[in-house]
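For the sequence shown, my numbering gives the first residue as 982, with consecutive numbering after it. Ideal Cβ placement from N, Cα and C applies to all residues, glycine included.
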Amino acid sequence: MMIRFWGVRGSIAAPGADTAKVGGNTSCVEISCEGSGGEVTRIALDAGTGLRGFGESLLADATRRAAPGHVPQVKLNLLFSHYHWDHIQGLPLFTPLYIPNTELDVYGPSFGGGVEGVLRSQMQAPVFPVEYTDLASRVLTHDLTAGQSLEIGCATVRTARLNHPGGVFGYRIEHGGRSVVYATDTEHYACPDPALVKLCQDADVLIYDAMYLPEEYRGETSMSKVGWGHSTYEAAAEVALEAGVGRLVLFHHDPCRDDWAVVELESRARALFPNCSAAREGQILDLPLDACAA
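Put into structure tokens, the structure is as follows:
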């Protein structure tokens, strides 16, 4: 399995010199895994502004592989955690969406009108000039329920409903004896969320929302963030320790947090969970095949 971060910010994109090292695009994470026959399954976790760059990369790769004179073919599976703006806004600017040979399977929670309802409402006048029904690509939508398990290509995906205003899904993706959990836009309780701990049990990697510092969350520096649907690195470390996670990646960075502040947050988190890092745009994590699963 390979994990690549295309967008790591939360709430709104934050481009500029102060965020260039960590990255300013909103949530989008690529998971790629190779099946026994050499086929590659690609999954995008959320479609924030980071999806635009991912689309350009997919299209460039497909163009190189296409026979002369043939339209490049792009295949992608997209999993929405939920439908807040910073997690869907990149899809209308995903260039392969407008190419006939593109096959896009979109999965997401059934709440909020379901996947197709969200896509149709996003791509219509007056907020966007291209209607959903005018797309040249083949788009299939799939509504998911909490606790569901399904096969996507050579990967197994499990879902769990977590704690966020309006609802959110966490995902566990497994392949070749390895596992990655994506848990963004979720708020901790007085104890680690039992549903999340269960989803994360013995996972190789946990990608977790750590938007706030503990003192910010409690309201010691400004207004309290309790109930806003996001978490802290302290809560991330608690979940990782209780679930026996191998590596913790802090995600969904506050758009107001510059590069140096993210590094400081990362340092504080490592004091609680040493095998921890803050997600950075362009970062790649490789998980080799588990020898016991070969």
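Round the Cβ separation of residue i and residue j to the nearest angstrom and send it over; I've been treating them as touching at under 8 Å.
| i | j | result |
| --- | --- | --- |
| leucine 1057 | alanine 1025 | 6 Å |
| isoleucine 1012 | valine 1161 | 6 Å |
| glycine 1263 | glycine 1004 | 7 Å |
| glutamate 1223 | proline 1173 | 5 Å |
| leucine 1266 | isoleucine 984 | 4 Å |
| leucine 1229 | tyrosine 1152 | With a Cβ gap of about 16 Å, leucine 1229 and tyrosine 1152 do not count as contacting. |
Short of 7 Å in beta carbon distance, which residues of its chain neighbour residue i, apart from the five on each side in sequence? Order them along the chain.
| i | result |
| --- | --- |
| glycine 1147 | His1063 and Gly1093 |
| glycine 1128 | Thr1140 and Ala1141 |
So what does DSSP say about residue i, is it helix, strand or coil?
| i | result |
| --- | --- |
| serine 1118 | coil |
| glycine 1064 | First, the residue type needs correcting, since residue 1064 is tyrosine and not glycine in the sequence shown. In this structure, tyrosine 1064 counts as coil in the three-state DSSP scheme. |
| serine 1013 | strand |
| alanine 1127 | coil |
| serine 1160 | strand |
| phenylalanine 1109 | coil |
| aspartate 1258 | The question names aspartate, but residue 1258 is serine in the sequence shown. Serine 1258: strand per DSSP, three-state reduction. |
| glutamate 1020 | coil |
| alanine 1252 | coil |
| leucine 1026 | strand |
| alanine 998 | helix |
| leucine 1246 | helix |
Spatial neighbours of residue i within its chain, please: CB distance less than 8 Å, with the 5 preceding and 5 following residues excluded, ordered by chain position.
| i | result |
| --- | --- |
| valine 1149 | Ser1062, His1063, Pro1090, Arg1142, Leu1143, Thr1165, Asp1166, Thr1167 and Gly1210 |
| lysine 1002 | Asp1240 and Arg1261 |
| serine 1205 | Tyr1198 and Arg1199 |
Going by C-alpha distance, which of the options is nearest residue i?
| i | options | result |
| --- | --- | --- |
| lysine 1179 | Glu1132, Ala1221, Arg1045 and Val1010 | Ala1221 |
| cysteine 1257 | Pro1269, Glu1132, Val1243 and Phe1035 | Val1243 |
| glycine 1098 | Glu1219, Leu1032, Asp1124 and Phe1109 | Asp1124 |
| glycine 1225 | Asp1027, Gln1182 and Gly1263 | Gln1182 |
| leucine 1194 | His1234, Arg1023, Val1055 and Arg990 | His1234 |
| serine 1008 | Ala998, Arg990, Ala995 and Gly1016 | Arg990 |
| threonine 1076 | Leu1060, Gly1031, Thr1213 and His1169 | Gly1031 |
| threonine 1122 | Glu1084, Asp1115 and Phe1109 | Glu1084 |
| glutamate 1219 | Ala1028, Ser1102, Met1104 and Asp1190 | Asp1190 |
| serine 1118 | Thr1126, Leu1078, Pro1110 and Val1207 | Leu1078 |
Give every residue of the same chain whose Cβ lies closer than 6 Å to the Cβ of residue i, excluding the five residues on either side of it in the sequence, and list them in chain order.
| i | result |
| --- | --- |
| threonine 1202 | Glu1196 |
| methionine 982 | Cys1014, His1156, Arg1159 and Leu1268 |
Those runs of the alpha helix (DSSP H) which lie wholly inside the stretch 1165-1243 and span at least 4 residues: 1175-1181, 1195-1199 and 1214-1224
Every unbroken alpha helix (DSSP H) within the stretch 1029-1100, with a cutoff of 4 residues, ordered by chain: 1031-1046
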